[in-house]
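Structure first, commentary second.
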Ligand code: SF4
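In the working numbering, the protein residues as written are 6 to 280.
Written as structure tokens, this is what we have:
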């Protein structure tokens with residue numbers, strides 16, 4: 006069995022990807038194999054960019070009209086990119102894609118009034134040590150609430166989770182709260198998940214005991230990744246996610262050979278280098 010280099014850092018999305026399916030994690034995050042752009046991921050990026058542009062304006066300038074301009078600017082950025090072109094949408098599907106992005110940006114105004122937000126930091130890169138490795142990632146938004154507390158907000162363009170899945174969604178934000186506390190010496194007062202499609206906002210308060218638990222849980226997860234890298238064992242975990250998995254041709258659950266992925270995936274999904 007091959008062994009793999011152990012990663013020196015972990016992001017919240019990578020941590021949950023290992024838990025979802027270790028084999029997919031190996032293909033994407035350990036071997037770094039190419040994948041075609043994903044429809045929902047690109048839509049999320051377009052909407053995030055539009056909201057970033059909107060909230061980068063002075064508070065009173067953050068109007069619905071400005072949001073439409075921000076959406077147009079985001080579209081101009083993404084339309085020529087491989088991220089969008091690689092989706093290979095026909096004219097009708099492309100029109101629906103942009104309409105839906107615009108709808109999601111507009112829906113944002115039903116969840117909060119952006120003119121009241123102050124001291125906003127957007128797309129903030131954070132990285133902090135945890136155990137023997139680093140945790141890192143981008144925080145969509147960090148702001149100082151009127152009551153003085155720091156608030157982390159994460160936008161989501163997919164469906165809001167069922168009640169039973171809320172905890173696992175919040176766990177990703179807890180990792181951001183941990184990093185903010187390490188970098189600023191202040192534990193955020195709130196973490197918010199903003200589901201634009203369903204117009205739902207979920208909120209939770211991180212606590213010192215939840216941070217301790219997160220630390221233990223993440224170290225245990227990292228240890229499991231380290232073991233998997235050292236002994237080369239990344240089991241496939243079949244689930245609904247398989248329907249969207251680009252590595253199915255090399256997955257033993259579907260009759261594939263994982264050892265061929267390193268050679269065949271770059272041929273099947275040639276990278277397009279942006280100028
Ligand atoms: S097809 Fe399913 S089980 Fe196989 S690697 Fe992808 S997510 Fe994992």
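For every residue, glycine included, the Cβ atom is placed at its ideal position computed from N, Cα and C.
Quiz prompt | Where the beta strand (DSSP E) through residue 134 begins and ends | solution = For residue 134, the uninterrupted beta strand (DSSP E) run begins and ends at 126-135, by DSSP.
Practice problem: Using only the heavy atoms of the ligand SF4, determine whether one of them is closer than 7 angstroms to the beta carbon of residue 252. | Solution: With a cutoff of 7 angstroms, residue 252 counts as near the ligand SF4, since its C-beta is closer than that to a heavy atom of the ligand.
Quiz item: Roughly how many angstroms separate the alpha carbons of residue 26 and residue 272, rounded to a whole number?
Solution: If I take the Cα positions, the gap works out to 23 angstroms.
Exercise. Specify the secondary structure class of residue 158 as computed by DSSP and reduced to three states.
Key: Per DSSP, reduced to three states, the secondary structure at residue 158 is strand.
Quiz item: According to the Cβ coordinates, are residue 59 and residue 77 closer than 8 angstroms?
Solution: No, the pair does not count as a contact, with Cβ atoms beyond the cut-off.
Quiz item: Tell me the DSSP bridge mates of residue 15?
Solution: Answer by DSSP bridge pairing, in chain order: 140.
Self-check item: Close Cβ partners of residue 94 (< 7 angstroms) along its chain, the five nearest in sequence each way excluded
Solution: Take residue 94, set aside five residues on each side of it, and the residues of its chain with a beta-carbon closer than 7 angstroms to its own are 102, in chain order.
Exercise. Using three-state DSSP, classify residue 279 as helix, strand or coil.
Key: For residue 279, the pLDDT reaches just 46, beneath the cut-off of 50, and the residue's location in the model is therefore unreliable, leaving the point undetermined.
Practice problem: Would you mind reading off the limits of the alpha helix (DSSP H) that contains residue 181? | Solution: Per DSSP, residue 181 belongs to the alpha helix (DSSP H) from 171-189.
Practice problem: Using the Cα positions of residue 18 and residue 191, report the straight-line distance between them to the nearest angstrom. | Solution: When rounded, the separation of the alpha-carbon atoms in residue 18 and residue 191 is 23 angstroms.
Quiz prompt | Three-state secondary structure (DSSP) of residue 213 | solution = DSSP, reduced to helix, strand and coil, places residue 213 within a helical segment of the structure shown.
Quiz item: Which whole-angstrom value is the C-beta distance of residue 41 and residue 91, which I expect to be below 8 angstroms?
Solution: Between the beta-carbon of residue 41 and that of residue 91 there is about 6 angstroms, and that keeps the pair under the 8 angstroms contact cut.
Quiz prompt | Candidates 87, 111, 197, 49, of which the one nearest residue 274 by Cα | solution = If we check each option's Cα against that of residue 274, 87 comes out closest.
Quiz item: Ends of the alpha helix (DSSP H) at residue 310?
Solution: For residue 310 there is no data in the structure shown, the boundaries of the chain being 6 and 280.
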